[in-house]
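One structure is given here, and the rest of the page talks about it.
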Amino acid sequence: MNKIFRHSFAVLNTAFLLLFTTQIFAQKISVRDLTVEHLVNPFSIDNPKPRFSWKINSDIKNTKQNNYEIRLGTSAKIDRVLWKATVNNDQSVLVAYNGPALSSKTRYYWQVRVKDNHGNTSAWSPVQYFQTGLKPEDWSAKWISVEGRDTAMASPLFRKEITLKKEIKSAVAYITAKGLYEAHINGTRVGNAYFAPGWTSYKDHIQYQVYDIKKSLKKGGNVIGVSLGDGWYKGRIGFANQKQFYGDTRALLLQLEVEYNDGSKETFITDNSWKTAYGPIRSSNIYDGETYDARLEIAGWNTYGFKENASWKPVQEIASGPEKLIGMSGPQVSKHEEFKALKIFKTPLGETVVDFGQNLVGWVMLKAKGAAGTKISISHAEVLTKEGNFYTTNLRSAKQQNNYILKGETEQVFEPHFSFQGFRYVKIEGYPGELKLENLTAVAVYSDMKTSGKFSTSNALLNQLQHNISWGQKGNFVDVPTDCPQRDERLGWTGDAQAFATTAAYNMDVSGFFTKWLKDVSADQLPSGSVPFVVPNVLNQSDAGSAGWADVATIIPWDMYIAYGDKGILETQYGSMKKWVDYITSVSKNNLWNTGSHFGDWLFYRPNDDNDGRAAVTDKYMIAQTFYAHSTQLLLNAAKVLGKADDVAKYTTLLEQIKAAYIKENMTPSGKLISNTQTAYVLALQFDMLPENLRAQAAQRLVDNVRDYGNHLTTGFLGTPYLCHVLSRFGHESVAYDLLMQESYPSWLYPVKMGATTIWERWDGIKQDGSFQTADMNSFNHYAYGAIGDWMYKNIAGINPVADQPGYKSVVIAPRPGGKLTAASAELETVYGTVKSSWTIAEGLFKLDVTIPPNASATVVLPKSDKKEQIGSGSYHFEYKY
Ligand code: RAM
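What follows is the structure, encoded as structure tokens:
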């Protein structure tokens with residue numbers, strides 16, 4: 001303990017102050033944010049026992065729910081109650097339905113009210129609803145495609161006129177496609193989702209979307225029009241120029257169920273009465289972009305009464321495959337932030353380039369008017385070369401180019417339909433007339449995840465790092481968690497996803513997003529239990545089983561359980577978690593996982609011309625053994641939560657054996673590891689591989705290593721997420737801060753200093769001399785190293801979950817100031833409500849403001865103090881000499 005510490009400690013004991021800032025008025029409580037299966041008023045619930053959640057508003061401190069009443073019916077007034085329950089407990093998250101069997105394709109209405117521990121009862125919440133999905137036997141629609149072989153690159157349009165005989169009470173459309181679809185009713189786009197039906201393991205399951213389209217329909221004649229794109233299903237996907245991975249035929253499946261005011265019903269479906277023709281989208285591709293020829297627009301094709309000419313052909317019905325049709329369990333992809341063009345300039349090579357100031361994922365909306373046949377090309381890039389030219393070599397074979405061919409006449413606004421781009425800069429070619437800033441707007445497109453976290457400090461570089469982390473997340477959470485969003489890859493790399501998942505859950509509500517993706521993890525898990533490198537798996541079947549990648553099967557379900565208190569996700573994924581651990585056991589000898597090929601600590605520090613062993617190479621099988629232990633530990637945790645006593649016993653023994661084998665193979669008697677790297681010590685300590693008495697010395701070896709590199713990290717994808725956590729846990733907080741605040745390469749802030757607006761794939765994507773890392777693998781939007789965000793929320797701001805009270809039912813607020821920071825502040829919207837932790841250090845005083853939501857509680861661990869405060873809900877202020 002140093003002097004300063006002792007001094008403030010003494011002061012603190014005498015001058016400790018705890019102030020209550022919330023007024024204690026007996027105000028009523030209310031409920032808010034009602035969700036079903038994590039979603040607000042969802043439309044396609046498949047779970048026969050859907051789960052309801054709500055949050056409580058209250059100004060009264062120490063508020064807990066004592067009781068809830070829930071009721072559910074089939075009318076908006078809930079006048080005929082189908083199920084009700086009055087329960088005396090504090091469960092407000094994921095309360096499972098427990099009434100009579102729910103019917104398919106039915107809307108149910110529900111509401112809740114609660115009583116608190118102070119004797120207050122809330123009013124009934126506003127009525128919310130959810131809709132159940134279709135059962136397989138409810139589908140009467142037929143898959144339809146173009147006649148003959150589907151060889152055209154152009155997007156086919158499908159249309160059908162229908163007549164509604166009476167006034168309509170309700171109208172629901174169920175739509176999906178092989179490929180991507182965009183649907184219109186009477187000329188109006190259906191919904192605001194992009195890339196529907198989303199990317200899933202299509203050979204196993206395809207999602208359908210459900211739309212309430214009553215408002216777009218009218219009594220009499222109506223028309224449905226749909227266009228299809230190749231998307232992930234048929235288009236180029238994977239880095240080997242692979243096409244048609246899931247199938248060679250784009251197809252549409254649509255069922256429209258109408259109920260008239262008199263109670264009678266009518267169903268309209270896709271079948272061979274529909275017509276098809278090719279429209280203005282001449283080609284579209286996830287990697288390469290889209291070509292749109294406005295001269296080929298068919299005016300009125302999606303309005304009623306349109307006269308189909310000879311180019312409209314009959315469709316063909318095609319047999320459905322073995323894939324299941326499932327409702328959406330995650331959020332849709334939509335448009336979000338818009339960015340104005342900041343600057344239009346000519347590069348030294350004479351290119352016309354536009355800067356949007358932010359590396360983002362989505363596309364540019366372009367306004368243009370010119371002579372028919374004028375072709376405008378928009379190419380996309382993340383960075384400029386050091387000479388200031390447009391740089392696309394790191395996109396590898398992805399063209400990322402949208403082409404628009406004008407039809408003359410009026411001004412038009414163009415945007416792609418079935419492609420997205422990763423970019424900060426665009427290059428414009430062929431623009432007629434003067435290109436003005438107002439002709440271009442960039443729009444970010446990503447999965448609809450509510451922002452759940454805010455984080456800021458007194459350090460501008462750290463704030464930019466936080467900004468970059470969250471933009472790395474937005475850009476790579478486009479329906480599946482991808483490694484990168486720009487080059488010919490954009491795949492669901494499992495290692496990247498597991499490294500970043502907890503950080504992701506701080507920044508945004510990813511409960512639905514990962515619930516959906518974990519279904520693909522299970523679906524694409526091999527019969528052996530091995531887990532592919534990428535999910536959905538579009539690589540070879542044998543591309544599976546890498547340590548730290550395949551462990552996604554255990555890691556993300558556990559992370560989601562902790563973040564959202566979702567025991568159901570453990571129940572659903574338990575089989576997959578277990579299969580993965582059993583797979584490792586099956587390929588291990590003497591409890592050692594020393595077979596198979598592994599990525600290891602991917603992209604670790606490797607200086608050029610390394611003659612002194614400075615390259616931070618960590619033995620791959622040693623890494624594998626630590627993840628074997630980690631996955632077994634998580635499986636064991638899940639088994640405990642789910643009450644599986646036999647498995648608890650079995651995997652407890654296994655875990656001991658794994659650790660013993662690790663020590664025998666990898667550690668000298670004095671505690672030195674066979675690889676003397678940061679990652680080696682980090683993983684050994686993070687996953688408790690070492691005997692207790694050898695942990696402190698191992699942590700010291702880690703510290704020595706960091707110091708030896710001049711306070712630089714040398715870790716790759718696997719070591720980086722845990723590096724600062726391990727240092728903090730073993731009392732080396734200041735070393736963790738030295739790493740975090742390091743501004744020279746390799747470090748988190750080096751890219752920030754180089755002007756990054758997202759997280760880079762490489763610590764030195766742009767080198768000090770302005771040159772680039774190898775173009776083959778140099779993404780400027782790769783979230784993996786953004787995993788430091790988890791440490792920033794937990795240690796700087798101090799917001800920590802508690803494993804046996806998941807979902808932040810209980811929170812540990814333990815800020816640990818350092819790195820010359822004078823202030824830090826974070827907010828997290830949890831499933832109970834908003835948790836806040838905000839501190840300042842000024843004039844020798846440490847001040848902390850904490851907010852804990854109703855029905856949750858916290859332990860506040862004050863820095864430089866042995867004080868721990870137990871608090872209930874409410875807002876609290878602490879201050880003391882520091
Ligand atoms: C790269 C990906 C990804 C990484 C794998 C091993 O191609 O971009 O980030 O997980 O390799």
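In our numbering, the protein residues as written are 1 to 882. Where is the CB? At the ideal position from N, CA and C, for every residue including glycine. All values reported here derive from a predicted model rather than from experimental measurement.
Beta strand (DSSP E) segment containing residue i, residue limits
i, result
"H205", "205-212"
"T86", "81-87"
"E438", "Looking at the DSSP string, E438 is not in any beta strand (DSSP E), and its letter there is neither H nor E."
"W54", "51-57"
"T851", "845-852"
"L102", "From DSSP, L102 is part of no beta strand (DSSP E); its letter is neither H nor E."
"L34", "30-36"
"Y404", "401-405"
"Y913", "There is no way to answer for residue 913, as the model of the chain reaches only from 1 to 882."
"F500", "Taken as a continuous stretch (DSSP letters only), F500 belongs to no beta strand (DSSP E), being part of the alpha helix (DSSP H) at 494-507."
Per DSSP, the bridge partner or partners of residue i
i, result
"G885", "It is not possible to answer for residue 885, since the shown part of the chain is limited to 1 through 882."
"R71", "K84, Q111"
"W580", "W580 pairs with nothing; no bridge assigned."
"G422", "V361"
"G327", "Y208"
"I796", "Note: I796 sits in no beta bridge, so no partner."
"S725", "According to the sequence displayed, residue 725 carries His and not Ser. H725 is not bridged to any residue."
"V735", "DSSP, once it has assigned bridges, lists no residue as partnering V735."
"L157", "S227, A277"
"V95", "F52"
"S379", "Q401, K427"
C-beta atoms of residue i and residue j nearer than 8 angstroms
i, j, result
"Y109", "L102", "no"
"P432", "G370", "yes"
"S522", "Q466", "no"
"G221", "T163", "yes"
"G198", "N302", "no"
"I405", "K375", "yes"
"S227", "G330", "no"
"R487", "A398", "yes"
"P721", "A499", "yes"
"A154", "S283", "yes"
"P815", "S779", "no"
"Q111", "Q128", "yes"
"W471", "L325", "no"
"L437", "L366", "no"
Delimiting residues of the alpha helix (DSSP H) encompassing residue i
i, result
"S744", "Where S744 is concerned, there is no enclosing alpha helix (DSSP H), given that its DSSP letter is neither H nor E."
"Q412", "Segment 412-414 is the beta strand (DSSP E) holding Q412; no alpha helix (DSSP H) there."
"L634", "620-641"
"S511", "511-524"
"K659", "645-666"
"P527", "Counting along the chain, P527 falls outside any alpha helix (DSSP H), and DSSP gives it neither H nor E."
"W471", "460-476"
"Y129", "Careful: Y129 lies outside any alpha helix (DSSP H), inside the beta strand (DSSP E) at 128-131."
"T715", "Element bounds for T715: n/a, residue is neither H nor E."
"W143", "Note, W143: premise wrong, no alpha helix (DSSP H); beta strand (DSSP E) at 143-145."
Exposed unless 16 or more other CB atoms sit within 10 angstroms - verdict on residue i
i, result
"N666", "buried"
"S542", "exposed"
"A26", "Only weak support is given to the placement of A26: the predicted model assigns it a pLDDT of 43, under 50, and the question is left unresolved by the model."
"G789", "buried"
"K589", "exposed"
"R149", "exposed"
"D647", "buried"
"L673", "buried"
"T515", "buried"
"Q65", "buried"
"I24", "Residue placement at I24 cannot be trusted, given a pLDDT of 43 that sits under 50; the coordinates are not used to answer."
Residue i: CB within 7 angstroms of a non-hydrogen atom of ligand 2
i, result
"H782", "In the structure shown, ligand 2 is absent; the only ligands present are ligand 1."
Say whether the region 474-486 touches the region 417-424, bearing in mind that this needs 3 or more beta-carbon pairs closer than 8 angstroms, one atom from each stretch. Segments in contact, yes.
Cβ contact check for the region 252-264 and the region 333-343: 3 or more pairs under 8 angstroms: no
Taking contact to mean at least 3 C-beta pairs separated by less than 8 angstroms, is the region 588-606 in contact with the region 615-623? Verdict: yes, contact present.
Assess contact between the region 236-245 and the region 112-124, defined as three or more Cβ pairs (one per stretch) separated by less than 8 angstroms. Is contact present? Contact between the region 236-245 and the region 112-124 is absent: fewer than 3 CB-CB pairs across the two stretches fall below 8 angstroms.
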